[in-house]
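Trainee: So in UniProt numbering, spot 20 of the sequence shown is number 20, and the numbers just go up one at a time.
Idealized CB from N, CA, C, for every residue including glycine.
Bear in mind that the values here come from a model prediction, so they are computed numbers and not experimental data.
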Amino acid sequence: MADVFRGLNLLETLKESIESNRLSDVKDAVEDLLISRINLGVVGDRGEEKASFMNSLRGLGAGDDGAAPSPASVPPDGLAGYPDPKHPDFRLWDLPPVPDISPFEPEGYMDRYKFLRYNAVFMTSTQTVQPNSVDVFLEALSLQRQTVYFILLASVKDSEKILEEKKKASLEVLKSKGMAQPKVYLVAPATLERFDFPTLLADMSNDLPEIKAHALVLALPTLTSALVTQKKEAFKALVWAAASLSGGVSAIPVPLVASMVDSSIGVRILTKARLSLCLDNESVERLARQRGMEPTKLKELRNCVLSVEVSKGEVKRRLAAAEKDLATVSSKLLEMAMPRNARSVSRSFAAMLQALNSAIDEMAADAQNILAAAHAKGK
Numbered sequence: 001m002a003d004v005f006r007g008l009n010l011l012e013t014l015k016e017s018i019e020s021n022r023l024s025d026v027k028d029a030v031e032d033l034l035i036s037r038i039n040l041g042v043v044g045d046r047g048e049e050k051a052s053f054m055n056s057l058r059g060l061g062a063g064d065d066g067a068a069p070s071p072a073s074v075p076p077d078g079l080a081g082y083p084d085p086k087h088p089d090f091r092l093w094d095l096p097p098v099p100d101i102s103p104f105e106p107e108g109y110m111d112r113y114k115f116l117r118y119n120a121v122f123m124t125s126t127q128t129v130q131p132n133s134v135d136v137f138l139e140a141l142s143l144q145r146q147t148v149y150f151i152l153l154a155s156v157k158d159s160e161k162i163l164e165e166k167k168k169a170s171l172e173v174l175k176s177k178g179m180a181q182p183k184v185y186l187v188a189p190a191t192l193e194r195f196d197f198p199t200l201l202a203d204m205s206n207d208l209p210e211i212k213a214h215a216l217v218l219a220l221p222t223l224t225s226a227l228v229t230q231k232k233e234a235f236k237a238l239v240w241a242a243a244s245l246s247g248g249v250s251a252i253p254v255p256l257v258a259s260m261v262d263s264s265i266g267v268r269i270l271t272k273a274r275l276s277l278c279l280d281n282e283s284v285e286r287l288a289r290q291r292g293m294e295p296t297k298l299k300e301l302r303n304c305v306l307s308v309e310v311s312k313g314e315v316k317r318r319l320a321a322a323e324k325d326l327a328t329v330s331s332k333l334l335e336m337a338m339p340r341n342a343r344s345v346s347r348s349f350a351a352m353l354q355a356l357n358s359a360i361d362e363m364a365a366d367a368q369n370i371l372a373a374a375h376a377k378g379k
C-alpha cells in the first residue's frame, strides 16, 4: 500500500505544478521519467560480485551484450561507464575502491572521481567496511549528499551466518567512526530480490528527489511484485501529466487539442512501460534463461497485445474507443485526475487517461504473472 501512496504523491506533485502554471516543471518531469536519466556510482573492488551487481541492476547476465566484465577491462585506478541497453540514460559508473592507505584525504578521492555528479553512490565490499570508506561517506554527508549507501555483497561461498557476521562487523566499524544509526545493506548480486535490496530501494526512494526516485524505479528491472506496482503507479502519474500537457484541462492556459489526442505521446509512454515492465522479447527470454525455463512459457503469459508490441494503430484504436464511450470513465477517476482549480476536463484528456491507464493495468498484470511464474520456477 505504501508503494501506491508513493505513486499518488507523485501525481499530487504534478497536479500542484499544473495548478501553479509551472508547465515547464511538468514537461521536465515527463521527460525525466521517460528517459530515466540516472547516474549511479559503484565503488569497490572489481571482482565477480561487483560485476554481477552492476549487471543485475540493469537486468543483464554475465554473457549479455553490455554486461560489465569480470575481471574488469579498465586500469585499476580507471573509471568505466555501463549504460542500460534499454534505458541508455540510466548509467552505472564503476569506480575503483577507496585506497586503504594512511594518511588518507577523502576529498582527493571524491574530486578525482567526481563523486558529487552521481545521483547516488554505492560503497560496495565483500568484506568488512574499511575505515577510509567511512571517511568518504562522512565527507559526502558534510556536503549535504545523503544518497551514499554501504553495501555488503554476498559471495556464493559465504553462508548466511558468515554474511551476518560480516554485516555486524561492518556496523561496528561505522559506529566506531561516530555514526549513531549506521546502515549496511546485505545484497545478493545475482538475485537482488533477496536480503536487503528491497529495503535499500525503499530508502533511496525517500532520499532522492521525487522525480529522480521514480525515474530510478522505471529504469530498474521487475525484481519484485512491489516494484511492478510502483512502476504501474508512476506510469499512471506520467499519463496524467502527459494528458494535461496535451491541453485537456480547461483551467490550464494551453491550447486545447482536437477531439483526437495525438497518439505519439501515448506510443512513447506505452513503449517505455513495455520496456520498464520487462515485457519485451529480450527481457522475457533473458529471464527464462536465468530461471532455466522455456521462453515460450513466459511469453504465453503476455495477454495484452501491447505487451507483445506497441503500435501506433493499437494506441489510436484504444484512444478512439475510449473517446466514444466516455461513460466508462468513473466519476471518481475524473475527480482524482482533475486539478482542484480546473472547471472541467476535455474529452481528449478523459479519453487519454482512460485508454492509457487501462493499458498500463493490463501490461502490469502481465508483468506480475511472468514474475510469479519465474519465481515459482526458481524456488
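Distance check for residue 176 and residue 77, CA to CA, integer angstroms please.
Mentor: Each residue's Cα considered, the two are about 28 Å apart.
Trainee: How would you call residue 324, buried or exposed, if buried means at least 16 neighbouring beta carbons within 10 angstroms?
Mentor: It counts as exposed.
Trainee: Determine, using beta-carbon pairs with one atom in the region 118-135 and one in the region 32-51, whether at least three such pairs fall under 8 Å.
Mentor: Judged by Cβ distances under 8 Å, the region 118-135 makes contact with the region 32-51, as three or more pairs qualify.
Trainee: So the alpha helix (DSSP H) residue 208 belongs to, where does it begin and stop?
Mentor: Segment: none, residue 208 is in no alpha helix (DSSP H) and carries neither H nor E.
Trainee: Can you look up residue 41 in the DSSP assignment and give me helix, strand or coil?
Mentor: Strand.
Trainee: How long is the line joining the alpha carbons of residue 260 and residue 55, rounded to whole angstroms?
Mentor: Unreliable placement is indicated for residue 260, whose pLDDT of 42 sits below 50; the coordinate value is still reported in the next sentence. Roughly 42 Å separates the two Cα atoms.
Trainee: To test your reading of the DSSP string, which unbroken beta strand (DSSP E) runs of 3 or more residues are found completely within the region 100-171?
Mentor: Listed in chain order, they are 120-125, 148-153.
Trainee: Hey, residue 215 and residue 33: beta-carbon distance below 8 Å or not?
Mentor: Yes, these two residues count as a Cβ contact at 8 Å.
Trainee: Per DSSP, what are the beta-bridge partners of residue 93 in this structure?
Mentor: Per DSSP, 41, 81.
Trainee: Compute the Euclidean distance between the alpha carbons of residue 37 and residue 211, then round it to the nearest angstrom.
Mentor: For residue 37 and residue 211, the distance between alpha carbons rounds to 10 Å.
Trainee: My understanding is that residue 185 touches residue 137, with C-beta atoms under 8 Å, so please give their C-beta distance in whole angstroms.
Mentor: That pair is no contact at about 13 Å.
Trainee: Whole-angstrom Cβ separation of residue 351 and residue 319, contact assumed at under 8 Å?
Mentor: Confirmed, about 6 Å.
Trainee: Just grab the DSSP bridge partners of residue 184 for me.
Mentor: Paired residue(s): 150.
Trainee: Would a C-beta distance cut-off of 8 Å place residue 79 and residue 58 closer than the cut-off?
Mentor: No; because the gap between Cβ atoms is not below 8 Å, this pair is not in contact.
Trainee: Look at the alpha carbon of residue 280 and the alpha carbon of residue 307, and state the distance between them as a whole number of angstroms.
Mentor: Going by the C-alpha atoms only, they are around 7 Å apart.
Trainee: Within a Cβ cutoff of 7 Å, which residues of the same chain sit near residue 295, ignoring the five residues on either side of it in sequence?
Mentor: Around residue 295: 284, 285, 288.
Trainee: Would DSSP call residue 372 helix, strand or coil?
Mentor: Three-state DSSP puts residue 372 in a helix.
Trainee: Looking at C-alpha atoms only, which residue of 179, 113, 88 is the closest neighbour of residue 96?
Mentor: Per the Cα distances, 113.
Trainee: Helix, strand or coil: which one does DSSP assign to residue 55?
Mentor: Residue 55 falls in the helix class under three-state DSSP.
Trainee: Do you know offhand how far residue 50's Cα is from residue 354's?
Mentor: Using only the alpha carbons, I get a separation of about 43 Å.
Trainee: Using the Cβ count rule (16 or more neighbours within 10 Å means buried), how would you classify residue 227?
Mentor: Residue 227 should be labelled buried.
Trainee: CA-CA distance, residue 218 and residue 231?
Mentor: If you take the alpha carbons of residue 218 and residue 231, they lie about 6 Å apart.
Trainee: Residue 197 by DSSP, collapsed to three states: which one?
Mentor: Note: residue 197 maps to helix in three-state DSSP.
Trainee: Quick test of your reading: residue 359 and residue 270, contact by CB under 8 Å. State the CB separation rounded to the nearest angstrom.
Mentor: Indeed they touch by this definition, with Cβ atoms about 6 Å apart.
Trainee: Any idea what DSSP makes of residue 222, helix, strand or coil?
Mentor: DSSP places residue 222 in coil when its eight states are reduced to three.
Trainee: Are residue 244 and residue 26 touching if we call contact CB-CB under 8 Å?
Mentor: Going by C-beta atoms, residue 244 is nearer than 8 Å to residue 26.
Trainee: Which residue comes first and which comes last in the alpha helix (DSSP H) that contains residue 271?
Mentor: Element bounds for residue 271: 263-276.
Trainee: CA-CA distance, residue 293 and residue 364?
Mentor: Distance between the alpha carbons of residue 293 and residue 364 is about 21 Å.
Trainee: With DSSP run on the structure shown, which of helix, strand or coil describes residue 4?
Mentor: The predicted model places residue 4 with a pLDDT of 34, which falls under 50 and marks its position as unreliable, so this point remains unresolved.
Trainee: I need the boundaries of the alpha helix (DSSP H) containing residue 306, first residue and last residue.
Mentor: Per DSSP, residue 306 belongs to the alpha helix (DSSP H) from 305-308.
Trainee: Can you list, in chain order, the residues of its chain with a C-beta nearer than 7 Å to that of residue 380? Leave out the 5 residues immediately preceding and following it.
Mentor: Residue 380 is absent from the structure shown; the chain starts at 1 and stops at 379.
Trainee: Since residue 110 and residue 139 are thought to touch, with beta carbons under 8 Å apart, how far apart are those beta carbons, to the nearest angstrom?
Mentor: Confirmed, Cβ separation roughly 6 Å.
Trainee: Going by alpha carbons, who is nearest to residue 361 out of 168, 70, 309, 229?
Mentor: For residue 361, the nearest C-alpha among the options comes from 229.
Trainee: Within 10 angstroms of its Cβ, does residue 367 collect 16 or more other Cβ (buried), or is it exposed?
Mentor: Residue 367 should be labelled buried.
Trainee: Helix, strand or coil for residue 176? Go by DSSP, reduced to three states.
Mentor: DSSP places residue 176 in helix when its eight states are reduced to three.
Trainee: Of the residues 160, 168, 188, 189, which one's Cα is nearest the Cα of residue 182?
Mentor: Cα-wise, what sits closest to residue 182 is 168.
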